[in-house]
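Here is the structure we will look at, set down as structure tokens.
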Amino acid sequence: MYTLPTIRIVEVLRYIAPLREGGSLPAIAEADDEFKYVLKFRGAGQGVKALIAELIGWHIAKALEIPIPELVFANLEEGFGRAEPDEEIQDLLKASRGLNLGLHFLSQALTFDPAIFTVDATLASKIVWLDAFLMNVDRTSRNTNMLIWRKELWLIDNGASLYFHHTWDNWKEQSEKPFIQIKDHVLLPEATELVATNTFAKQVLTDDLLRAITNTIPEDWLQWPDVDAPAQDLRDIYFQFLQNRLIHSDNFLKAATDARK
Numbered sequence: 008m009y010t011l012p013t014i015r016i017v018e019v020l021r022y023i024a025p026l027r028e029g030g031s032l033p034a035i036a037e038a039d040d041e042f043k044y045v046l047k048f049r050g051a052g053q054g055v056k057a058l059i060a061e062l063i064g065w066h067i068a069k070a071l072e073i074p075i076p077e078l079v080f081a082n083l084e085e086g087f088g089r090a091e092p093d094e095e096i097q098d099l100l101k102a103s104r105g106l107n108l109g110l111h112f113l114s115q116a117l118t119f120d121p122a123i124f125t126v127d128a129t130l131a132s133k134i135v136w137l138d139a140f141l142m143n144v145d146r147t148s149r150n151t152n153m154l155i156w157r158k159e160l161w162l163i164d165n166g167a168s169l170y171f172h173h174t175w176d177n178w179k180e181q182s183e184k185p186f187i188q189i190k191d192h193v194l195l196p197e198a199t200e201l202v203a204t205n206t207f208a209k210q211v212l213t214d215d216l217l218r219a220i221t222n223t224i225p226e227d228w229l230q231w232p233d234v235d236a237p238a239q240d241l242r243d244i245y246f247q248f249l250q251n252r253l254i255h256s257d258n259f260l261k262a263a264t265d266a267r268k
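The sequence shown begins at 8 in the numbering used here and counts up one residue at a time.
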């Protein structure tokens with residue numbers, strides 16, 4: 008049985024460099040545990056909702072045994088980044104005080120290129136299933152969001168998932184929809200074991216696990232100016248969305264298998 012890992016909290020000590028290929032200005036930073044992380048900021052374009060998608064996606068990828076770097080809660084103290092000369096970055100850091108997210112930086116990793124690297128059918132099927140389940144629009148040949156590190160494939164960046172939470176009031180309808188964008192997924196041609204993956208995922212992703220995952224969302228990530236609801240009510244909707252999407256997984260499974268044909 009899969010056990011939910013504890014996510015560590017680190018203090019960010021040093022901003023090293025922005026990764027400007029990301030639309031939300033992620034950055035490499037060093038923390039007080041002496042490791043480097045790719046930081047995702049709460050003050051960036053999609054705000055805490057992108058961090059919630061990243062957090063939920065990370066937990067589910069781990070549960071499905073997909074290689075993914077360690078995730079940490081990364082705390083930015085008051086006054087962090089005041090010496091940053093770039094005004095855009097300084098504004099981003101100022102708006103991101105408090106808990107952010109960091110993925111362990113994989114030094115010397117290469118961007119996954121489907122023309123160079125091959126992925127076995129089981130792993131490809133798990134990643135395609137994950138992205139269909141979470142409705143992730145951002146794992147295409149133009150932007151694979153995967154790395155090759157130490158000759159293995161590693162998943163990164165689930166922040167474009169769960170886009171229902173940007174409109175929010177139609178979450179139940181969204182949870183039952185097929186995911187037609189899966190036709191553009193970079194690993195779809197290799198995903199020949201989607202039916203077996205669906206069976207495996209339904210065994211692993213129990214209601215108790217999904218509830219435990221949504222309970223890891225920090226309280227202050229659930230204070231939204233456009234939604235007047237207690238934090239626990241929002242957690243409950245995330246849980247119900249995931250639960251209902253799993254119940255109706257045949258809908259997005261069929262869309263993926265049809266797209267492969």
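The beta carbon of each residue, even a glycine, is placed where N, CA and C say it ideally should be.
Note: glycine 109 is bridge-paired with Leu46 and Val79 in the DSSP secondary-structure output.
For tyrosine 245, the enclosing alpha helix (DSSP H) has its first and last residue at 238 to 254. Contact check between the region 81 to 101 and the region 157 to 171: fewer than three CB pairs, one atom from each, fall below 8 Å, which does not count as touching. Where tryptophan 231 is concerned, there is no enclosing beta strand (DSSP E), because DSSP gives it neither an H nor an E. For arginine 157, no alpha helix (DSSP H) encloses it, and the DSSP letter there is neither H nor E.
According to the DSSP secondary-structure assignment, leucine 117 is paired through a beta bridge with Ile155.
Boundaries of the alpha helix (DSSP H) harbouring isoleucine 63: 54 to 70, taken from the DSSP string. The straight-line gap separating the alpha-carbon atoms of threonine 118 and isoleucine 220 is approximately 28 Å. Arginine 21 counts as exposed, since fewer than 16 other C-beta atoms from the protein chains shown sit within 10 angstroms of its C-beta. In this structure, leucine 141 and serine 168 form a Cβ contact; the two beta carbons are roughly 4 Å apart against a cut-off of 8 Å.
Contact between the region 61 to 76 and the region 193 to 211 is established, with three or more Cβ pairs separated by less than 8 Å. Within 10 angstroms of the beta-carbon of valine 234 lie fewer than 16 other beta-carbons, which makes it exposed. A direct Cα-to-Cα measurement between leucine 99 and proline 25 gives close to 11 Å. The beta carbon of arginine 146 sits closer than 8 Å to the beta carbons of Ile134, Asp138, Asn152, Met153, His192, Val193 and Leu194 from its chain, once the five residues preceding and following it are set aside; these are given in chain order.
In this structure, proline 76 places its C-beta atom within 7 Å of the C-beta atom of leucine 110.
In the DSSP assignment, alanine 38 is bridged to Val19. With fewer than 16 other Cβ atoms inside 10 Å of its own Cβ, proline 196 counts as exposed. In the three-state reduction of the DSSP assignment, alanine 167 falls in the coil class, being assigned neither a helical nor a strand state. In this structure, the CA atom of lysine 43 is about 13 Å from the CA atom of proline 33.
Only residues of its own chain outside the window of five on either side were considered, and among them Leu113 and Ala116 have a CB closer than 7 Å to the CB of tryptophan 156, listed in chain order.
Here histidine 192 is bridged, per DSSP, to Thr147. In the displayed model, alanine 24 falls within a strand according to three-state DSSP.
The Cβ neighbour count for lysine 47, taken over all protein chains shown within 10 Å, is at least 16; the residue is labelled buried. Using a 10 angstroms sphere on the CB of serine 103, the tally of other CB atoms reaches 16 or more, which defines it as buried.
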